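All remarks here apply to the structure that follows.
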Amino acid sequence: MLVKVHAASLNAADLETLRGVFIVRVAAPFRPMYKILGSDVAGRVEAVGRNVKQFQPGDEVWGDLSFPHGLGAFAEYVCVSENALAPKPASMTFEEAATYPQAAIVALQSLRDKGQIQPGQKVLINGAGGGMGTFAVQLAKYFGAEVTGVDSTRKLDMLRSIGADRVIDYTREDYTKSGQRYDLILDVAAYRSVFDYGRALSPEGIFMMVGGSLATLLQVVFLGALISRIGNKRIGLNTWEPNKKEDLALLAELFKAGKVVPVIDKRYRLSEVPEALRYLEAGHVQGKLVITM
Ligand SMILES: NC(=O)c1ccc[n+]([C@@H]2O[C@H](COP(=O)([O-])OP(=O)(O)OC[C@H]3O[C@@H](n4cnc5c(N)ncnc54)[C@H](OP(=O)(O)O)[C@@H]3O)[C@@H](O)[C@H]2O)c1
Numbered sequence: 087m088l089v090k091v092h093a094a095s096l097n098a099a100d101l102e103t104l105r106g107v108f109i110v111r112v113a114a115p116f117r118p119m120y121k122i123l124g125s126d127v128a129g130r131v132e133a134v135g136r137n138v139k140q141f142q143p144g145d146e147v148w149g150d151l152s153f154p155h156g157l158g159a160f161a162e163y164v165c166v167s168e169n170a171l172a173p174k175p176a177s178m179t180f181e182e183a184a185t186y187p188q189a190a191i192v193a194l195q196s197l198r199d200k201g202q203i204q205p206g207q208k209v210l211i212n213g214a215g216g217g218m219g220t221f222a223v224q225l226a227k228y229f230g231a232e233v234t235g236v237d238s239t240r241k242l243d244m245l246r247s248i249g250a251d252r253v254i255d256y257t258r259e260d261y262t263k264s265g266q267r268y269d270l271i272l273d274v275a276a277y278r279s280v281f282d283y284g285r286a287l288s289p290e291g292i293f294m295m296v297g298g299s300l301a302t303l304l305q306v307v308f309l310g311a312l313i314s315r316i317g318n319k320r321i322g323l324n325t326w327e328p329n330k331k332e333d334l335a336l337l338a339e340l341f342k343a344g345k346v347v348p349v350i351d352k353r354y355r356l357s358e359v360p361e362a363l364r365y366l367e368a369g370h371v372q373g374k375l376v377i378t379m
């Protein structure tokens, strides 16, 4: 389908693809895999090929164009398989819709599916003030958890405003050393050792790494599997099934009910994508950055 892009949003993964972090270089060792970045998109279908079944020109759509769909949302038009997209909820603007597909889906599936989140549990989100974290905090509250959000000083008021029961400033306190135990930890900025994370878990707690350093990733994959086998704590990676239709529908419902809403820090025009990427790289973004056409 040919889609006219009305809005796109930035994810840390765009920056990691641009910079060519280790995982990206393994997948594409000789040259960048994608010419145009941008995975989260909201727009309108302009034209469809003859095998397209679910959409017709004029339909409003949203979705995540990350692998295997080829990215390309930072453009006026993108050509994409219909499987990457779903009908955009009428209650959302294009800008709002563009913030959800990757960040909110990863947060939802990680907390609910692998994290098996339960009402009353103590849940900690590390990196809570960024794109994914702001959705994770609100989703954990929706599931009835007692939520602690960890991020840098200037994001703490915003975290309280979106429902965090407790906040921790990571520039002043290491949550793995406070003596507090959590039933579920979702960490989008994991840079410590798996033993530190194990210490911060309750006896049957679950730690999930979503983002962070390669050193921590390797520990989580190898040592985490061992720790999970010999004890009741579980340390591993999150789950992610992009564009799952039921999950997008749930997020649309939660948006309509005002339970999970996007935190938009700034909007940029398409010509300002480099500036937006620089702002993201400098840190301190609260929630999401949106590109409007
Ligand atoms: N595994 C998967 O399936 C999957 C899928 C998609 C994305 N991801 C990954 O998810 C990660 C997060 O994405 P995102 O878009 O939410 O990033 P983001 O918007 O940049 O948010 C990251 C947040 O973490 C904070 N932070 C940085 N260092 C920290 C530390 N040491 N302790 C606590 N918080 C810290 C940042 O705050 P300050 O800047 O103020 O320090 C920022 O608020 C990326 O690495 C991405 O690759 C994983």
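Here our numbering = 1-based position in the sequence shown + 86. Idealized CB from N, CA, C, for every residue including glycine. It should be emphasised that the depicted structure is a prediction, and the values quoted were computed from it without experimental measurement.
{"Query": "On the criterion of 16 or more Cβ atoms from any shown chain inside 10 Å, does T257 qualify as buried, or is it exposed?", "Result": "exposed"}
{"Query": "DSSP state of G217, grouped into three classes?", "Result": "helix"}
{"Query": "Nearer than 8 Å: is that true of the beta carbon of Y365 relative to any heavy atom of ligand 1?", "Result": "no"}
{"Query": "Tell me the residue span of the beta strand (DSSP E) that contains G158.", "Result": "Run containing G158: none; DSSP gives neither H nor E here."}
{"Query": "Could you check whether the segment 212-223 touches the segment 193-202, counting it as contact only if at least three pairs of C-beta atoms, one from each stretch, sit closer than 8 Å?", "Result": "yes"}
{"Query": "In chain order, which continuous runs of the alpha helix (DSSP H) of length 4 or greater are located wholly inside the segment 293-320?", "Result": "300-316"}
{"Query": "Looking at the strands, I want to know which residues DSSP matches up with V91.", "Result": "G129"}
{"Query": "Return the chain-ordered list of same chain residues with a C-beta closer than 7 Å to the C-beta of H92, the five sequence neighbours on each side being excluded.", "Result": "A128, G129, R130, F180, M379"}
{"Query": "In three-state terms, what does DSSP make of S357?", "Result": "helix"}
{"Query": "For the structure I just gave you, are there three or more beta carbon pairs, one from the segment 341-353 and one from the segment 320-327, closer than 8 Å?", "Result": "no"}
{"Query": "Can you tell me whether V260 is buried or exposed, with buried defined as 16 or more other CB within 10 angstroms of its CB?", "Result": "Note on residue identity: the sequence assigns Asp, not Val, to residue 260. D260 comes out exposed."}
{"Query": "Count the CB pairs spanning the segment 113-123 and the segment 132-143 that are closer than 8 Å, and state whether there are at least three.", "Result": "no"}
{"Query": "Buried or exposed: A33, going by 16 or more other Cβ atoms within 10 Å of its Cβ?", "Result": "The requested residue 33 is not part of the displayed model; the chain covers only 87 to 379."}
{"Query": "Hey, A176 and V376: beta-carbon distance below 9 Å or not?", "Result": "no"}
{"Query": "Nearest to G149 by CA position, among E132, A161, K139, N169, is which residue?", "Result": "N169"}
{"Query": "Which residue's Cα is closest to the Cα of G124: R111, K263, V166?", "Result": "V166"}
{"Query": "Can you tell me where the alpha helix (DSSP H) holding G284 begins and where it ends?", "Result": "280-285"}
{"Query": "What's the gap between the Cα of F293 and the Cα of E162?", "Result": "40 Å"}
{"Query": "I need the boundaries of the alpha helix (DSSP H) containing T234, first residue and last residue.", "Result": "Looking at the DSSP string, T234 is not in any alpha helix (DSSP H); the run it does join, the beta strand (DSSP E), is 232-237."}
{"Query": "In the DSSP assignment, the beta strand (DSSP E) including I203 goes from what residue to what residue?", "Result": "It is not in any beta strand (DSSP E) - I203 carries neither H nor E in the DSSP assignment."}
{"Query": "Report, in whole angstroms, the separation of the C-beta atoms of A189 and K374, which I expect to be a contact under 8 Å.", "Result": "7 Å"}
{"Query": "Which residue or residues does DSSP assign as beta-bridge partners of W148?", "Result": "A128, A172"}
{"Query": "Would you check whether ligand 1 has a heavy atom nearer than 8 Å to the C-beta of E102?", "Result": "yes"}
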